[in-house]
Amino acid sequence: MKSEKLMLLAVIIALGTAITALVLFQSPVNEDFVAPYLVHKYGFTHAIEWYLINMNGRFTTVPIYLLLCSNRFLLDNYAILLFSSLLISYYCIYRFVFSMGQHLMTNQPGRARALLIAAILFLTFLAIIPEVASFIYWMPAVITYTIPFCLFLIYLTVWANLFSQTRPWFHAFVICVITLLLGGCNEVMMYFSFVFPFAVILMLLLSGYRLPVPLLLIAIVAFVMVVIIFKMPGNNVRSGGFHQTQPLLVSVSGSVFRTWHFLLILFSNPVFYISGLGAMLLSANLNAGFLQWCNRKRTGWLLEFACLVGMIFLFDLILRHVANYVIPERGNNILICIFLLGTWWIIFMNAGKLQTFLSVVRNSQHKFGRIFSFLFVVVLLGSVFFRELVANILVAPAHHSVMEHQIHTVESERSKGARVVRINNYRTDIETAIRKRFGNKSRFVMAEFRFPPSFVFVEHERFNPQNAYFFAEYYGIDTLIIDSIRYPRGGLTNLLPD
625 MKSEKLMLLA
635 VIIALGTAIT
645 ALVLFQSPVN
655 EDFVAPYLVH
665 KYGFTHAIEW
675 YLINMNGRFT
685 TVPIYLLLCS
695 NRFLLDNYAI
705 LLFSSLLISY
715 YCIYRFVFSM
725 GQHLMTNQPG
735 RARALLIAAI
745 LFLTFLAIIP
755 EVASFIYWMP
765 AVITYTIPFC
775 LFLIYLTVWA
785 NLFSQTRPWF
795 HAFVICVITL
805 LLGGCNEVMM
815 YFSFVFPFAV
825 ILMLLLSGYR
835 LPVPLLLIAI
845 VAFVMVVIIF
855 KMPGNNVRSG
865 GFHQTQPLLV
875 SVSGSVFRTW
885 HFLLILFSNP
895 VFYISGLGAM
905 LLSANLNAGF
915 LQWCNRKRTG
925 WLLEFACLVG
935 MIFLFDLILR
945 HVANYVIPER
955 GNNILICIFL
965 LGTWWIIFMN
975 AGKLQTFLSV
985 VRNSQHKFGR
995 IFSFLFVVVL
1005 LGSVFFRELV
1015 ANILVAPAHH
1025 SVMEHQIHTV
1035 ESERSKGARV
1045 VRINNYRTDI
1055 ETAIRKRFGN
1065 KSRFVMAEFR
1075 FPPSFVFVEH
1085 ERFNPQNAYF
1095 FAEYYGIDTL
1105 IIDSIRYPRG
1115 GLTNLLPD
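Encoded structure:
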């Protein structure tokens, strides 16, 4: 193994260790504490019913969220949940890489190479998405968005199996089941699990292929899934009854701006271009059957990329105009990931037009592999993600000590019979913690670093009134006092049923 590949492996191991270590410095926040409240109030089954009627219609993820986050042991040992979700996410990416390699590549990747490519993909996602904290370090968002994205990867691998002509009806049935599950996860998964089969049908028709009958079944199930989602009472409440509250032109203008901002996230990040280079190098190993299939298609890469951008625009427009909702950054995370997958797929589909380049790559694969390894490491280490990762490793322990100190204060006072507990605001405690850790350098640390750290979900501040209510409820006190402001637990009933 050459020095460049050793360097790549060392960087991946170091970053993976740092990313994993940060799970030790995370704490449950606002929505984590809703689950134990509802389950205690109604019982598990009726808590699911209340949530699906009054909050949203995510029938797949809500039961999982209530099951995991209502478990006091898991909530008090938050790192167990986050570490498990990290392993699940990485494993699903690995299975996706390994399975697609079996279907598409001449030199099919072994397990070791698939693990390496999966690590590169995971780091690429993390380096480009806008909000790392909610992608891997906040459990409600992990359950609602990240794990469903992993299920979407499995969904794509089953599609590959469907076109392998082995047991098509079985794979169509599995796709139908996953489609229904994805529809109950979040709005992004609902949209793409609906759009994807129709995009496949359109491409096959334009390329002169005969439509497989199982594909029609999948399209019907996708349509039924959308009808179910729109009929869910919680989705009706969340969207304000699906009543349009602004003119269509205003919605279109907002979606154009939002789509442009979305593309800027990608185009301004060098990791995006390096990932495209990696896809081009991998396309040198595409098997003849796949290339022959791609050569029959009648669409060019420019039209395909425009359609991919159009999907993002249409998603935002529908959400904005019909559901009266704009997707938060945690939803943008998986939109970015899906867009990356789409971009790499477009590169694969048009690889046949780059035969001269691919021939050079095939003749010098090791050389190009070393070049990619070097460029990926350089760009990754120069990314905003790496800078923020280092910053979080430095200051996340101090942040966590503040959160633990607040919990210790509440539990200590409660054990003495107190029902009213006074704690310092976050800023006061973090300044004290930084002084203890960094001494004379503390003022520079406070000036240079962000608090709470960027990889910690922002709702950690206890002085937010709504958060204070949930915090007081979970730890069994009546009133929380922060900066002489009283936050009575009774305020919780203004947010959820008494």
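One gets my numbering by counting positions in the sequence shown from 1 and adding 624 to each.
Idealized CB from N, CA, C, for every residue including glycine.
Since we're looking at a predicted model, the values are computed, not measured.
| Asked | Found |
| --- | --- |
| Determine the closest residue to Asn909 out of Leu927, Ile971, Lys855 and Val950, with distance taken between C-alpha atoms. | Ile971 |
| Considering Tyr644, what are the terminal residues of the alpha helix (DSSP H) in which it resides? | The identity of residue 644 in the sequence shown is Thr, whereas the question assumes Tyr. It spans Ser627 to Ala645 - the alpha helix (DSSP H) in which Thr644 sits, taken as one unbroken run. |
| I think Thr803 touches Ser788, with their Cβ atoms under 8 Å apart; what is that distance to the nearest whole Å? | At roughly 19 Å, the Cβ-Cβ gap does not stay under 8 Å, so Thr803 and Ser788 are not in contact. |
| Let me know if Asp940 comes out buried or exposed under the rule of 16 or more other beta-carbons within 10 Å of its beta-carbon. | buried |
| Report the rounded CA-to-CA distance for Ile825 versus Phe937, giving the unit in angstroms. | 21 Å |
| When you compare each of Leu841, Leu943 and Tyr833 to Phe794 by their alpha carbons, which one comes out closest? | Leu841 |
| Determine the DSSP secondary structure at His1084, reduced to helix, strand or coil. | Summary for His1084: the model assigns pLDDT 48, below 50, so the residue's position carries little reliability, and this model does not support an answer. |
| Assuming Phe746 and Tyr769 make a contact with CB atoms under 8 Å, what is their CB distance in whole Å? | With 8 Å as the limit, Phe746 and Tyr769 do not qualify as a contact, their Cβ atoms being about 15 Å apart. |
| By DSSP, does Met856 sit in helix, in strand, or in coil? | coil |
| Could you check the C-alpha separation between Ile643 and Val635 for me, to the nearest Å? | 12 Å |
| Name the residue from Tyr897, Lys977 and Leu676 whose alpha carbon lies nearest to the alpha carbon of Thr923. | Lys977 |
| Buried or exposed, going by whether 16 or more other CB atoms sit within 10 Å of the CB of Ser988? | exposed |
| Going by DSSP, name the residue or residues bridged to Met827. | None, per the DSSP bridge assignment. |
| Does Ile1109 pass the burial test, meaning 16 or more other C-beta atoms within 10 Å, or should it be called exposed? | exposed |
| I need the boundaries of the alpha helix (DSSP H) containing Tyr1050, first residue and last residue. | Tyr1050 to Phe1062 |
| Go to Ile1105, then tell me how far its beta strand (DSSP E) extends in each direction, as first and last residue. | Thr1103 to Ile1106 |
| Got a sec? Which residues, its chain only, sit under 8 Å from Asn919 by beta carbon, not counting five neighbours each side? | Gly976 |
| Going along the chain, which residues of its own chain have a beta-carbon closer than 6 Å to the beta-carbon of His1084, five neighbours each way excluded? | Here the model assigns His1084 a pLDDT of 48, short of 50, so the residue's position is not dependable and the matter cannot be decided. |
| Please specify which runs of the beta strand (DSSP E), each continuous and at least 3 residues long, are wholly inside the segment 987-1071, giving them in chain order. | 1044-1047 |
| Using the rule of at least 16 other Cβ atoms within 10 Å of the residue's Cβ for burial, across every protein chain shown, is Tyr897 buried or exposed? | exposed |
| Looking only at C-alpha atoms, which of Met1027, Val1069 and Phe1068 sits nearest to Tyr1050? | Met1027 |
| Around the C-beta of Ser694, are 16 or more other C-beta atoms found within 10 angstroms, so that it is buried, or is it exposed? | buried |
| If you follow the beta strand (DSSP E) that Arg1110 is in, where does it begin and where does it stop? | Ile1109 to Pro1112 |
| Counting Cβ pairs, one atom from each stretch, are 3 or more of them under 8 Å apart for the segment 742-759 and the segment 688-702? | no |
| With a cut-off of 8 Å on the beta carbons, I'd call Ile744 and Phe1000 a contact; round off their distance for me. | 7 Å |
| Could you check whether Tyr761 and Phe1094 sit closer than 8 Å to each other, using their CB atoms as the reference points? | no |
| Could you give the distance in angstroms between the alpha-carbon of Ile771 and the alpha-carbon of Ser709? | 8 Å |
| Considering only the alpha carbon of each residue, which of Ile712, Arg882 and Gln650 lies closest to Asn701? | Gln650 |
| With Ile958 and Phe683 assumed to form a contact (beta carbons below 8 Å), what rounded beta-carbon distance in angstroms separates them? | With a Cβ gap of about 19 Å, Ile958 and Phe683 do not count as contacting. |
| Among Leu926, Phe720 and Ser758, which residue has its Cα nearest to the Cα of Arg954? | Ser758 |
| I need the DSSP call for Leu910, collapsed to helix, strand or coil. | strand |
| Taking Pro660 as the reference, which of Leu633, Leu648, Ile688 and Ala903 has the closest Cα? | Ile688 |
| Suppose contacts are defined by Cβ-Cβ distances below 8 Å. Is Leu630 in contact with Gly858 by that definition? | no |
| In this structure, does DSSP put Phe776 in helix, strand or coil? | helix |
| Would you kindly check if the distance between the Cβ of Pro821 and the Cβ of Ala843 is under 8 Å? | yes |
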